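J.:
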Amino acid sequence: MKKVGVAILGLGVVGGGVYEILTEKKEYFKKTQGLDITVESVLEKNKARAQSLGVKSAVMADSIEEVISNPNVDIVVEVIGGTEPARTFVLKALMSGKTVVTSNKELFAKYWTELEEEAKKMNAGLFFEASCVGGVPIIRVLQDGMQANEIRSIKGIINGTTNYILTKMASENASYEDALKEAQKLGYAEFNPTADVEGFDATYKISILSSLAFNSKVCVENVYREGITGVAKEDIAYGKSMGYTLKLLGIGKKTENGIDVRVHPTFIRNGDPLASVSDSFNAVHLVGDSVGEIMLYGRGAGALPTGSAVVSDVIFAAKHNECYYAPFKNNEKGNKETKFVTDFTSMYYLRMAVKDAAGVLSKIAGQFSKGNISLKEVKQTAVGENSAEIVVITHPALESNMQKTLEKLNKLSEVYGVKGFIRIEE
Ligand code: HSE
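The working numbering puts the sequence shown at residues 31 to 456.
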């Protein structure tokens, strides 16, 4: 039976899950995969954490050098997260000819080319299934299940923390602040929630996923990003009454004008398959020209779901001698070969606090008309004696036209302010 030695760098949530799966399912993998997988080395500063997981002191390493010089280690699993020391450790492992499996989306989104160049030099494998959407095997689907397709679009709820917050706001009419506190209490959101709520985490993931989907490196800088911190519960409620559900979507589209990749709060129709993905669950919806629509659903985070993706890479790497590298030629150092959409087209939802007087609606409509934006729906609700709320849904318009119009609307004396602004995908 083939013996496989694994090293784990980092015993955080994911590292703990990987250790648990590899040790508890050792016999199962012998039976089902014909592989005898052993954790030969673990690099973790927190010795108490290692002890609590039952890691024997004999396999504890004190440095990355000790890990990579261990001849029993074939595959190095990096589950530290962040860029340093993860980048240095992964490069050292690759330079020593070890195959690397990583769950690190930020590292991969920012340094894919550099890591791959090292891997190629040494004919080492580099695997990253767990970097995107945790336990959902989306990378393998894109690499191995969609070759017959030109992928038209990829849309996903790829951050569980924000999906939990938005679900809570919608179902309990909770404020953003209260929903965030609850997410922190449950361990979904971190003490500093910036990476999730400002859309950075989703940006790294959609950068990796759309690169694979469209066979072109989509750098983090190519992704338009907006988080959920500005979302008001009033907008979620208005959307609901108009047939929409709010999600933080990662969106990648191949258009006639180039590749369009974004992360932002998005209203989708209640009947959209992504609308029913609630709480901390994730899902990715793909459209291929041959297969049509595909949707994958599951847990995007957590010890065992993400551990599941890491271990699937370990097994894949152990069973395949040929290394997999990116199918595209362009890279982070320049994207001259690839055209990106900088001024995308979208439908928009706007909520304005306005003066309730004769001619106000026509003045507002006039600004949309000047901006070459056609209105689809208009809803006015009286708020006080002299004020009202106007909600507008537009037909597809250019983002640049919308931004100019937004500026002009905010300058009208009859408009007290644009209180809600959300893009719509239909
Ligand atoms: N923090 C992420 C999420 C999981 O909430 O989905 C890791 O990417």
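All C-beta atoms, glycine included, are put in the ideal place defined by N, C-alpha and C. None of the values given here were measured: they were computed from a predicted structure.
Terminal residues of the continuous alpha helix (DSSP H) containing residue 335?
T.: Within the sequence shown, the letter at position 305 stands for residue 335. Start and end: 333 to 349.
J.: Taking only three categories from DSSP, how would you classify residue 137?
T.: In the sequence shown, the residue the question calls residue 137 occupies position 107. DSSP places residue 137 in helix when its eight states are reduced to three.
J.: Roughly how many angstroms lie between the CA atoms of residue 438 and residue 451, to the nearest whole one?
T.: On the sequence shown, residue 438 is found 408 positions in, with the first residue counted as 1. On the sequence shown, residue 451 is found 421 positions in, with the first residue counted as 1. Near 14 Å, if we compare the C-alpha coordinates of residue 451 and residue 438.
J.: Where does residue 33 sit, in a helix, a strand or coil, going by DSSP?
T.: Taking the sequence shown and counting its residues from 1, one reaches residue 33 at position 3. Strand at residue 33.
J.: For residue 108, which option in 343, 260 and 84 has the closest C-alpha, if you only look at C-alpha atoms?
T.: Counting from one through the sequence shown, the residue named residue 108 turns up at place 78. Nearest option by C-alpha distance: 343.
J.: Which residue from 98, 134 and 172 puts its Cα closest to that of residue 357?
T.: Residue 357 sits at position 327 when you count from the first residue of the sequence shown. The option with the nearest alpha carbon to residue 357 is 172.
J.: Should residue 216 go down as buried or exposed, given a rule of 16 or more other Cβ atoms within 10 Å for buried?
T.: Here residue 216 refers to the residue found at position 186 when the sequence shown is read from its first residue. In summary, residue 216 is exposed, with fewer than 16 beta-carbon neighbours lying within 10 Å of its beta-carbon over all protein chains present.
J.: Inspect the beta-carbon positions of residue 123 and residue 130 and report whether they are closer than 7 Å.
T.: As a position in the sequence shown, residue 123 is number 93, starting the count at 1. As a position in the sequence shown, residue 130 is number 100, starting the count at 1. Cβ atoms of residue 123 and residue 130: closer than 7 Å.
J.: With DSSP as the reference, label residue 290 as helix, strand or coil.
T.: The residue you call residue 290 lines up with position 260 of the sequence shown. Here residue 290 carries a strand assignment [DSSP, helix/strand/coil].
J.: Using a threshold of 6 Å, is the CB atom of residue 330 nearer than that to any non-hydrogen atom of ligand 1?
T.: Residue numbering aside, residue 330 sits at position 300 when the sequence shown is read from its first letter. At least one heavy atom of ligand 1 falls within 6 Å of the beta-carbon of residue 330.
J.: Counting C-beta neighbours from all protein chains within 10 Å, is the total for residue 447 16 or more, i.e. buried, or is it exposed?
T.: Taking the sequence shown and counting its residues from 1, the one referred to as residue 447 is at position 417. Under this definition residue 447 is an exposed residue.
J.: Looking at C-alpha atoms only, which residue of 254, 415 and 394 is the closest neighbour of residue 441?
T.: On the sequence shown, residue 441 is found 411 positions in, with the first residue counted as 1. Measuring from the Cα of residue 441, the nearest candidate turns out to be 394.
J.: On the CB-based measure, 16 or more other CB atoms within 10 Å of its CB, does residue 382 come out buried or exposed?
T.: Along the sequence shown, one-based indexing puts residue 382 at 352. By the neighbour-count rule (16 or more Cβ atoms within 10 Å), residue 382 is buried.
J.: When you compare only the Cα positions, how much space is there between residue 31 and residue 197?
T.: Mapped onto the sequence shown, residue 31 falls at position 1. Mapped onto the sequence shown, residue 197 falls at position 167. For residue 31 and residue 197, the distance between alpha carbons rounds to 48 Å.
J.: Figure out for me which residue from 289, 284, 373 and 417 has the closest Cα to the Cα of residue 365.
T.: The count along the sequence shown starts at 1 and reaches residue 365 at position 335. The residue with the shortest Cα to Cα distance from residue 365 is 289.
J.: Indicate the three-state DSSP secondary structure (helix, strand or coil) for residue 148 in the structure shown.
T.: Taking the first residue of the sequence shown as 1, we reach residue 148 at position 118. Reduced to three states, the DSSP call for residue 148 is helix.
J.: Consider the C-beta atom of residue 343 and the heavy atoms of ligand 1; say whether any pair is separated by less than 6 Å.
T.: Residue 343 sits at position 313 when you count from the first residue of the sequence shown. No, since every heavy atom of ligand 1 falls outside the 6 Å radius drawn around the Cβ of residue 343.
J.: Check each candidate in 154, 425, 221 and 368 and name the one with the smallest Cα separation from residue 287.
T.: What you label residue 287 is simply residue 257 of the sequence shown in a count that begins at 1. With distances taken between Cα atoms, residue 287 lies closest to 368.
J.: Could you work out which residue in 180, 115, 261 and 75 is closest to residue 322 when comparing CA atoms only?
T.: The residue you call residue 322 lines up with position 292 of the sequence shown. Residue 180 is the option with its Cα nearest to residue 322.
J.: Please return the same chain residues whose Cβ sits closer than 6 Å to the Cβ of residue 83, not counting the five positions on each side in sequence.
T.: The count along the sequence shown starts at 1 and reaches residue 83 at position 53. Excluding positions up to five away in sequence, the list reads 46 and 49.
J.: If you reduce the DSSP assignment to three classes, tell me which class residue 450 lands in.
T.: Sequence index remark: in the sequence shown, residue 450 carries index 420 (1-based). Three-state DSSP puts residue 450 in a strand.
J.: Given a cut-off of 7 Å on the beta-carbon distance, is the pair residue 118 and residue 362 in contact?
T.: Taking the first residue of the sequence shown as 1, we reach residue 118 at position 88. Taking the first residue of the sequence shown as 1, we reach residue 362 at position 332. Taking 7 Å as the Cβ cut-off, residue 118 and residue 362 do not qualify as a contacting pair.
J.: Please identify the residue among 370, 318, 125 and 65 whose C-alpha is closest to the C-alpha of residue 183.
T.: Along the sequence shown, one-based indexing puts residue 183 at 153. For residue 183, the closest of 370, 318, 125 and 65 by C-alpha to C-alpha distance is 318.
J.: Give a single yes or no on whether residue 189 has its beta carbon closer than 6 Å to a heavy atom of ligand 1.
T.: Position 159 of the sequence shown, counted from the start, is the residue given in the question as residue 189. It does: the Cβ of residue 189 is within 6 Å (strictly closer) of some heavy atom of ligand 1.
J.: Could you check what DSSP says for residue 226 in three-state terms: helix, strand or coil?
T.: Locating residue 226 in the sequence shown gives position 196, counting from the first residue. DSSP places residue 226 in helix when its eight states are reduced to three.
J.: Could you spell out where the alpha helix (DSSP H) holding residue 57 opens and where it closes?
T.: If you number the sequence shown from 1, residue 57 lands on position 27. 56 to 63 is the extent of the alpha helix (DSSP H) around residue 57.
J.: Going by DSSP, name the residue or residues bridged to residue 143.
T.: Indexing the sequence shown from 1 puts residue 143 at position 113. None; residue 143 has no bridge partner.
J.: Based on the DSSP secondary-structure assignment, which residues constitute the bridge partners of residue 183?
T.: Residue 183 sits at position 153 when you count from the first residue of the sequence shown. Paired residue(s): 283 and 317.
J.: Just how far apart, CA to CA, sit residue 200 and residue 97?
T.: Within the sequence shown, residue 200 is the residue found at index 170, counting from 1. Within the sequence shown, residue 97 is the residue found at index 67, counting from 1. Going by the C-alpha atoms only, they are around 48 Å apart.
J.: Alpha carbon to alpha carbon, how far is residue 230 from residue 280?
T.: Counted from its first residue, the sequence shown places residue 230 at position 200. Counted from its first residue, the sequence shown places residue 280 at position 250. Residue 230 and residue 280: Cα-Cα distance of roughly 11 Å.
J.: Hey, residue 138 and residue 238: beta-carbon distance below 7 Å or not?
T.: Here residue 138 refers to the residue found at position 108 when the sequence shown is read from its first residue. Here residue 238 refers to the residue found at position 208 when the sequence shown is read from its first residue. Yes, Cβ-Cβ distance for residue 138 and residue 238 is below 7 Å.
J.: With hydrogens ignored, establish whether the beta-carbon of residue 309 is closer than 6 Å to any heavy atom of ligand 1.
T.: On the sequence shown, position 279 is the one that residue 309 refers to. Result no, Cβ not under 6 Å from ligand 1.
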